[in-house]
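Here's the structure we're looking at; comments come further down.
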Amino acid sequence: MQIKQLTNFLFRKYPLKNKEIWDPSGWSFKNKLSDELTGVIIAIDLTSNAINEAIKSNCNLIITHHPFKFYKKWVDEEIYAPYKKEILQKLIDHRINVISFHTNYDNHKNGTSYQIAKQLGFKDENINNFDWSLYPASVINLELSFTNIVELIKQKLNFSSMRTNLPKSLWNKEINKIAILSGSGFIGEVNKIKELGYDLIITSDIKWSDWINYKETKTPILEISHLDEQVFVDDIYNQLNNKFFNIPLIKVKIQNEPYENV
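Numbering (my numbering), first residue to last: 14 to 275.
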């Protein structure tokens, strides 16, 4: 089976026309796509662990959620992320191809936010998309408290710490309607959702200026780890496993955030 047969399947489902304008999704590095596919690594990011697993397992395709290459020239990439120089050399030496499906995956109706909702155990009849965008997921008719939701996230996503601006006096109040914006939720989306009366908005990587805005506008936020997007790995693995047979598929997951809370 050729490499392009598998990647074309994914491109048909997550076309590049659906990505955000700033997003360099697609091929970060490629060789001859008519080469025989020897195996696939699926990861949220191309790390040293992912490339080493690809070499060890003789996989010549790595599929990531986050793009490995953000700049047009590799010299710029190496200036801003020096660790990529060694990984790039390994890609060249071992003829390993790298492709990413980032916001074109996020923007699918069953994309990242939906997958997070499913991972948390919410049922399809409780999950909706918003009229103006497929990116956030709306979960309704919950009848859970904020404390219940935090414990659910800790249990299902294995996160030990989160941040919120919700007053402690409201932590045991029933929450009926939440919105999930995977990754770094765009403030414009969050502001729109707040106006719809949501009890809680779950997202990641909030800037200081955004926190100020959310405090001033009384927007209820729960900030969780960006590793919430690792649901991508399981979903893509399952799709490929159900579609293609006799192709080695390996999940490489980041076990912990690349920092410690102190």
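Built from N, CA and C at the ideal position, the CB exists for glycine as well.
Here L133 is buried: its Cβ has 16 or more other Cβ atoms, across all protein chains shown, within 10 Å. A Cβ-Cβ distance of about 40 Å is found for the pair I162 and I109, leaving them out of contact under the 8 Å criterion. The Cβ neighbour count for E156, taken over all protein chains shown within 10 Å, is under 16; the residue is labelled exposed.
In chain order, K122 place their CB closer than 6 Å to the CB of N142, counting only its own chain and leaving out the 5 sequence neighbours on each side.
For the pair I234 and I214, the CB atoms are nearer than the 7 Å cut-off. When C-alpha distances from N189 are compared across N73, S174, G198 and D212, the shortest belongs to D212.
Boundaries of the beta strand (DSSP E) harbouring F143: I140 to F143, taken from the DSSP string. By the Cβ rule, the stretch 236-247 counts as touching the stretch 163-181, because three or more pairs are nearer than 8 Å. Note on the stretch 179-217: whole beta strand (DSSP E) runs with a minimum of 3 residues are 187-197 and 213-217, in chain order. Per DSSP, E49 is not a residue of any alpha helix (DSSP H), being assigned neither H nor E. Buried is the label assigned to D248, since at least 16 other Cβ atoms lie within 10 Å of its Cβ.
Note on geometry: alpha-carbon atoms of C72 and I153 lie some 42 Å from one another. S70 is bridged by DSSP to nothing; it lacks a bridge partner. Here F81 really is in contact with V111; their C-beta atoms are around 5 Å apart, less than 8 Å.
For a cut-off of 8 Å, the C-beta gap from E90 to Y84 is around 5 Å, short enough to register as a contact. Between N120 and L147, the C-beta gap is smaller than 7 Å, which places the two residues in contact.
About 5 Å separates the beta carbon of L104 from that of F42, a gap short enough to meet the 8 Å contact definition. By DSSP's assignment, L170 forms no beta bridge with any residue. In the three-state DSSP reduction, S61 falls in the helix class (H, G or I). Going by C-alpha positions, T232 is about 46 Å away from Q102. Contact check for W145 against T160 fails: the beta carbons are separated by 7 Å or more.
DSSP, read as helix, strand or coil, puts Y272 in coil.
Closest in alpha carbon position to S222, among A130, E208 and G201, is G201.
By the neighbour-count criterion, in which a residue is buried when 16 or more other Cβ atoms sit within 10 angstroms of its Cβ, F258 is exposed.
Secondary-structure assignment with DSSP links K264 through a beta bridge to I55. Here S197 has T216, S217, D218, I219 and H239 as same chain residues with Cβ atoms under 8 Å from its own Cβ, once five neighbours each way along the sequence are excluded. Your pair A192 and S151 checks out as a contact, with CB atoms roughly 6 Å apart and the cut at 8 Å. With contacts defined by Cβ atoms closer than 7 Å, I16 and L46 form a contacting pair.
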